[in-house]
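One structure below.
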Amino acid sequence: MSKNMCGFLGIASQETDVAEDLYLSLWSLLHRGKESSGIVTYDGASYHPEKGMGTVEVVFGGDTLSRLKGRIGIGHVRYSTTGESSLKNAQPIEGSFKSTPFWIAHNGNLTNTETLRKECEERGYFFKTSTDTEVIAALIYFSGAPNFEDALKRALRKIEGTYALTILSKDTLYAVQDETGNRPLSMGQGRGLTVFASESAAFDVLGIKYVRDIKVGEIIAVSLESPLLPSEIPFRNRKDAPERPCIFEYVYFLRPDSKWYERRAQVVREHMGRILWKECPIEADVIVPVPDSSNFMGAGLSKESGIPLEMALFRSHYVGRTFIEPVQARRTKEMRIKLNIIPELVQGKKVVVGDDSIVRGTSIKRAISLVREGGAKEVHVRISSPQYISPCYYGIDTYRVKNELIAKNHAGNIEEIRKEIGADSLYYLSLEGMKRAVTDARDDEHRALQFCDACFTGNYHIPIPQEIITS
Ligand code: 5GP
Ligand code: SF4
Ligand code: MG
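Okay, here's the thing in structure tokens:
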């Protein structure tokens with residue numbers, strides 16, 4: 034079974050071919066996955082798919098884009114931390130309904146994949162991939178519904194877990210948000226384009242406006258003929274499923290310039306830094322964030338404390354996010370070339386090193402040892418999220434490393450973790466503080482919104498089947 038964190042989008046244009054716009058906006062989602070990339074367009078008569086391993090620039094080099102004709106299409110960038118990063122699992126995934134193909138791009142993770150997959154196989158479905166996304170395709174295939182839209186609704190009623198989707202069914206583009214709103218999905222419009230994308234940064238790159246997020250349980254569509262079809266909220270499978278967007282998106286995943294649930298990620302991160310400082314101030318000479326994910330929480334620490342922010346840790350941009358690499362050995366090797374220290378900025382100083390999260394501890398250990406190499410007198414670590422104690426089963430993929438979670442392995446003993454990472458002091462933002470940072474970033478009805486925080490609390494709002502927990 035393949036699970037992954039991804040970026041995806043769909044574009045419909047009233048005027049021009051969309052391949053270039055798809056390509057450009059996939060660039061803005063590259064931080065969400067670089068293992069494989071895919072685009073499929075529809076030109077009114079046929080589909081034009083192109084998928085490959087690697088980043089968008091690798092897959093869509095040369096004259097590939099000019100072959101992808103059509104005013105409507107979807108795209109996807111993917112990573113998984115498993116060895117299953119093969120071309121066959123690259124998205125979008127093809128399905129078929131009443132002998133007519135359609136294509137799906139998915140971010141999230143279904144929790145009842147195995148059961149549904151078995152059911153479909155018993156009915157004779159031949160799966161071409163090991164993705165949970167193809168299970169959705171199979172359910173559409175078997176739905177027995179009179180038309181595609183009803184087939185989609187029937188399929189959605191059967192799946193559990195998290196899913197934000199774009200689907201291309203000939204000249205219609207659908208966007209679907211799951212019943213808990215867990216994975217980000219927003220809509221942008223402008224220049225005759227309607228765009229559904231994982232992050233609003235994709236709209237900026239196209240020079241169009243962020244309109245709104247796709248709502249929980251919402252299916253919204255656009256076709257070559259119509260800029261926007263009436264939206265429907267036809268399903269909320271489980272009455273007890275609460276709206277729970279992923280709080281970790283604000284901690285780490287979203288690009289700082291992206292907006293989700295009316296909150297700019299940069300603003301939330303700065304709040305996190307400020308609250309973190311209020312919870313645990315310390316006398317120090319300089320604040321050094323671990324770039325780039327902690328730059329804005331670092332700014333918050335600095336603004337709140339009045340202590341100068343120095344970018345003493347330098348990150349090379351020619352290496353991707355280390356965590357994205359599927360192989361541990363490659364990760365560690367890439368760490369060395371990825372981060373370096375500017376010693377003059379820390380020499381003889383009491384340094385506060387800020388990072389957004391500690392998962393396995395690899396990044397923070399490296400940062401601390403570099404700051405020490407640079408001659409720091411003391412190194413105090415401040416983390417802008419609580420202890421990461423429980424794996425994510427909803428699409429962030431840390432269940433693969435569930436035995437390596439440092440906070441879990443030390444049963445939350447801060448002193449032990451501090452020693453293991455080699456810091457002079459260590460403090461994690463409280464759960465309350467993290468929630469307040471997200472709440473404070475917004476001052477209207479959205480304040481009441483609750484977020485998924487299962488990786489920090491172990492409270493899974495969508496139950497995780499035992500066989501997944503023990504697998
Ligand atoms: P660690 O090195 O402790 O395993 O992971 C924490 C570091 O990786 C932090 O610097 C954070 O910015 C980043 N990070 C945290 N969680 C994730 C994740 O789920 N995926 C990716 N790509 N990076 C992560
Ligand atoms: Fe996000 Fe954590 Fe919930 Fe996963 S478990 S959806 S990473 S908050
Ligand atoms: Mg980081």
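First residue of the sequence shown: 34, per my numbering; consecutive thereafter. Virtual Cβ for every residue (Gly too), placed ideally from N, Cα, C.
Following the DSSP letters along the chain, one finds A470 in no beta strand (DSSP E) but inside the alpha helix (DSSP H) bounded by residues L464 to D473. Two segments are said to touch when three or more pairs of C-beta atoms, one from each, lie closer than 8 angstroms; by this definition the stretch 139–151 touches the stretch 162–170.
Within its own chain, the residues whose Cβ lies closer than 7 angstroms to the Cβ of M467, once the five positions on either side in sequence are excluded, are I280, M305, S418 and P419, listed in chain order.
Note on geometry: alpha-carbon atoms of R100 and V168 lie some 29 angstroms from one another. Put simply, the backbone Cα of I370 is about 51 angstroms away from that of S176.
The beta-carbon distance between Y421 and S390, rounded to whole angstroms, is 6 angstroms. This is short enough to meet the 8 angstroms contact definition. The ligand SF4 never approaches I450 closely enough for any of its heavy atoms to be under 7 angstroms from the residue's Cβ.
Ranking A178, I252, I447 and F160 by CA distance to the CA of A197 puts I252 first. Per the DSSP secondary-structure output, Q210 pairs in a beta bridge with A197.
Non-local C-beta neighbours of K102 in its own chain, meaning closer than 7 angstroms and more than five positions away in sequence, comprise D50, T74, D76 and H81, ordered along the chain.
Distances from the alpha-carbon of I266 to those of Q210, L63 and S132 put Q210 closest.
Here T133 is exposed: its Cβ has fewer than 16 other Cβ atoms, across all protein chains shown, within 10 Å. Leaving aside the five residues that flank D325 on each side, the residues in its chain whose CB is nearer than 8 angstroms to its CB run, in chain order, R348.
Taking 7 angstroms as the cut-off, one finds no heavy atom of the ligand SF4 near enough to the beta carbon of A298. Assignment of alpha helix (DSSP H) within the stretch 86–156, counting only whole runs of 4 or more residues, yields 89–92, 97–100 and 146–155 in chain order.
Beta-bridge analysis with DSSP links S46 to L226. Beta bridge pairing from DSSP links K383 with E411. The Cβ neighbour count for T503, taken over all protein chains shown within 10 Å, is under 16; the residue is labelled exposed. Relative to the ligand 5GP, even the nearest heavy atom lies 7 angstroms or more away from the CB of Y80. A distance of 8 angstroms or more separates the beta carbons of G339 and G387.
Looking only at A274, S259 and D237, the smallest Cα-Cα distance to G250 is reached by A274. Within the same chain, Q420 come within 6 angstroms of G445 by CB-CB distance, once the 5 residues on both sides are set aside.
Residue pairing from DSSP places K242 in a beta bridge opposite Q222.
With contacts defined by Cβ atoms closer than 8 angstroms, S46 and L226 form a contacting pair.
Inclusion of A487 in the 7 angstroms shell around the ligand SF4 follows from its C-beta lying nearer than that to a non-hydrogen atom of the ligand. Here DSSP, grouped into helix, strand and coil, assigns N180 to coil. Sequence-distant partners of P496 (beyond 5 residues in either direction) whose C-beta falls short of 7 angstroms from its own C-beta are missing from its chain. Between D430 and P341, the alpha-carbon positions lie close to 36 angstroms from each other. Scanning V91, R111 and G106 for the CA closest to the CA of H64 turns up R111. Nearest C-alpha to Y285 among V323, F229 and E90: V323. The alpha-carbon separation between F229 and F159 amounts to approximately 30 angstroms.
R433 is the residue among V384, K383, R433 and A409 whose C-alpha sits nearest the C-alpha of R393. Under the three-state reduction of DSSP output, P278 falls in the coil class, being neither helix nor strand. Secondary structure of Y294 (DSSP, three-state): coil. Closest option to I105, judged by alpha-carbon separation, among N142, Y294, C153 and A254: A254. About 12 angstroms separates the Cβ atoms of V404 and I454, ruling out a contact at the 8 angstroms cut-off.
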